[in-house]
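J.:
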Ligand code: AVJ
Ligand code: FE
């Protein structure tokens with residue numbers, strides 16, 4: 001993104017303010033509790049963020065001595081499953097806050113002294129961008145933990161998102177032909193977004209907007225959860241075993257739980273908290289399918305005028321509040337049509353922000369993929385039981401989302417802010 005050290009420091013600071021907001025919203029008892037076996041205690045996320053910053057910025061980039069090598073194993077995500085983390089001898093909330101502040105002091109000192117063109121790891125500020133994005137990713141995870149937490153609201157009521165526009169509906173034709181997927185040039189792009197490579201995508205139709213609560217309710221009312229016909233074999237087995245009847249956090253009677261409050265479902269907004277299997281079943285019921293990852297990216301980035309791929313649907317400028325619902329600015333997806341300035345040149349809306357969108361693609365490296373800087377970020381997940389999600393949600397920060405950004409999760413997961421849009425072949 002930048003080699004301007006003041007800008008990098010500002011991004012680190014802005015990100016830490018969000019972490020503080022999420023962790024100061026509850027008391028210490030709450031921070032150490034596990035609100036769901038799917039999630040870590042919030043105090044684990046907090047110290048883990050500091051530990052990653054210590055490993056990469058203080059020790060690796062800075063070449064400094066460790067602050068707390070003794071705790072590395074506690075915050076290594078591969079050593080302990082989320083469900084086992086509450087039983088570990090973790091730093092308590094006060095210790096965790098002190099630790100992350102001490103790490104940050106050292107990291108800012110490293111930033112002051114480092115030459116940003118010295119090694120690939122710091123070129124273009126990469127290592128700092130990676131740590132900003134890592135903390136923002138955990139902030140989104142912590143926001144999902146907040147959504148799972150029992151009890152009343154603790155996050156302050158944000159302003160409502162902008163109004164929708166009923167005319168944003170139907171499908172958009174994306175013409176066939178090659179486009180450039182991935183990137184070589186985005187300085188903060190992570191390894192799995194690289195390299196840029198040409199993909200030939202046949203013409204297809206894609207929904208102008210994500211599937212709304214109203215549309216999803218039609219699927220439910222039509223008996224969609226009762227009819228195996230719409231579901232894949234695995235999807236149906238999961239639907240049966242988990243007893244699924246509606247998206248997660250729906251409360252019946254047109255209501256949903258939203259961060260400790262029961263609120264009416266916003267019928268014109270994208271459905272959120274659905275698994276891949278539910279998205280796949282809806283799409284089949286609607287006579288459509290989910291887009292592939294390449295289709296999604298072409299719809300989001302391809303400029304038919306120039307043939308080049310943009311950073312974002314609206315161009316190369318970073319997301320502003322007029323483009324997309326990002327960064328926890330609102331605590332819910334916005335109605336369809338709320339971001340006309342964020343549409344793609346062909347008129348596809350809300351590809352960035354609101355809800356992560358399930359694609360039909362498994363998670364693999366792009367052709368020519370090279371691990372950078374560590375295999376545990378993404379390479380170890382290639383070929384696993386994961387589906388790719390694209391576009392970011394209302395809980396994703398602008399620093400952690402781009403037209404090339406790739407997220408992934410197990411197809412049964414729905415505690416994340418996941419929705420979808422449909423696609424189909426030309427007849
Ligand atoms: C990219 C969201 C799948 O949370 O598992 C955080 C991000 N990686 N710490 C995850 C991540 C290491 C990752 N996702
Ligand atoms: Fe992490």
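Residue numbers (UniProt numbering): 1 to 427.
Note that beta-carbon positions come from the ideal geometry of N, C-alpha and C, so glycine has one too.
Could you check how far apart the C-beta atoms of residue 428 and residue 300 are, in whole angstroms? I think they sit under 8 Å.
T.: Nothing can be reported for residue 428, as the shown portion of the chain is limited to 1 through 427.
J.: Kindly confirm or deny that the stretch 85 to 103 and the stretch 149 to 161 touch, where touching means at least three C-beta pairs closer than 8 Å.
T.: no
J.: To the nearest angstrom, how far is it from the Cα of residue 112 to the Cα of residue 34?
T.: 38 Å
J.: Can you tell me whether residue 298 is buried or exposed, with buried defined as 16 or more other CB within 10 angstroms of its CB?
T.: buried
J.: Return the chain-ordered list of same chain residues with a C-beta closer than 6 Å to the C-beta of residue 267, the five sequence neighbours on each side being excluded.
T.: 213, 214
J.: May I ask which residues mark the beginning and end of the beta strand (DSSP E) holding residue 257?
T.: 255 to 258 is the extent of the beta strand (DSSP E) around residue 257.
J.: Going by beta carbon distance, what residues of the same chain come within less than 7 Å of residue 143, once the five residues before and after it are set aside?
T.: 22, 328, 395
J.: Can you find the residues in the same chain that come closer than 8 Å, C-beta to C-beta, to residue 130, ignoring five residues on each side of it along the sequence?
T.: 56, 188, 190, 373
J.: Alpha carbon to alpha carbon, how far is residue 132 from residue 397? Give it in angstroms, no decimals.
T.: Whole-angstrom Cα-Cα distance: 10 Å.
J.: In whole angstroms, give me the CA-to-CA distance for residue 326 and residue 393.
T.: 6 Å
J.: Between the alpha carbons of residue 269 and residue 293, how many angstroms are there, rounded?
T.: Distance between the alpha carbons of residue 269 and residue 293: 23 Å.
J.: Assess contact between the stretch 254 to 266 and the stretch 303 to 323, defined as three or more Cβ pairs (one per stretch) separated by less than 8 Å. Is contact present?
T.: no
J.: Count the other CB atoms within 10 Å of the CB of residue 29; is the residue buried (16 or more) or exposed (fewer)?
T.: Taking all protein chains in view, the Cβ of residue 29 is surrounded by fewer than 16 other Cβ atoms within 10 Å, so the residue is classified as exposed.
J.: Using a Cβ-Cβ cut-off of 7 Å (strictly less than) and excluding sequence neighbours within five positions of residue 358, which residues of its own chain qualify?
T.: 276, 279, 290, 387, 389, 418, 420
J.: Going by DSSP, what residues sit across from residue 356 in a beta bridge?
T.: 418
J.: For residue 126, which residues of its own chain have a beta-carbon under 7 Å away from its beta-carbon, when the five flanking residues on both sides are left out?
T.: 187, 188
J.: Would you list the one or two residues that DSSP bridges to residue 218?
T.: DSSP output for residue 218 lists no bridge partner at all.
J.: Relative to the C-alpha of residue 197, which candidate in 409, 369, 9, 39 has its C-alpha closest?
T.: 369
J.: Can you look up residue 50 in the DSSP assignment and give me helix, strand or coil?
T.: The answer is helix: DSSP assigns residue 50 an H, G or I state.
J.: What does the shell around the ligand AVJ hold, if a residue joins when its beta-carbon is under 7 Å from any heavy atom?
T.: For the ligand AVJ, the selected residues are 77, 134, 137, 138, 141, 377, 407, 408, 409.
J.: So what does DSSP say about residue 35, is it helix, strand or coil?
T.: coil
J.: Out of 60, 331, 93, state which residue places its alpha-carbon closest to the alpha-carbon of residue 162.
T.: 331
J.: Quick one, are the C-beta atoms of residue 333 and residue 355 less than 7 Å apart?
T.: With contacts defined by Cβ atoms closer than 7 Å, residue 333 and residue 355 form a contacting pair.
J.: Who are the near neighbours of residue 264 in its chain, counting only those whose CB is closer than 7 Å to its CB and skipping five residues on each side?
T.: 254, 255
J.: For residue 31 and residue 93, which I take to be in contact (beta-carbon distance under 8 Å), what is that distance rounded to the nearest angstrom?
T.: 5 Å
J.: Compare the Cα-Cα distances from residue 271 to each of 245, 217, 230, 319 and report the closest residue.
T.: Looking at the Cα atoms, 217 is the closest of the given residues.
J.: Might you give, ordered along the chain, the residues of its own chain that have their beta carbon closer than 6 Å to the beta carbon of residue 245, omitting 5 neighbours on each side?
T.: 225
J.: Nearest by alpha-carbon distance to residue 135: which of 320, 411, 400 is it?
T.: 400
J.: Pick helix, strand or coil for residue 261, following the three-state DSSP scheme.
T.: strand
J.: DSSP puts residue 387 in a beta bridge; with which residues?
T.: 362, 409
J.: Whole angstroms are fine: how far does the CA of residue 5 sit from the CA of residue 286?
T.: 50 Å
J.: For residue 178, which residues does DSSP report across the bridge?
T.: 200
J.: Quick one: Cα of residue 153 to Cα of residue 412, how far?
T.: 27 Å
J.: With C-beta atoms as the reference, is residue 230 less than 7 Å away from residue 281?
T.: yes
J.: Helix, strand or coil, according to DSSP, for residue 58 in the structure here?
T.: helix
J.: Contact defined as beta carbons within less than 8 Å: I believe residue 248 pairs with residue 414. What is the distance between those atoms, to the nearest angstrom?
T.: Contact holds; Cβ gap of about 5 Å.
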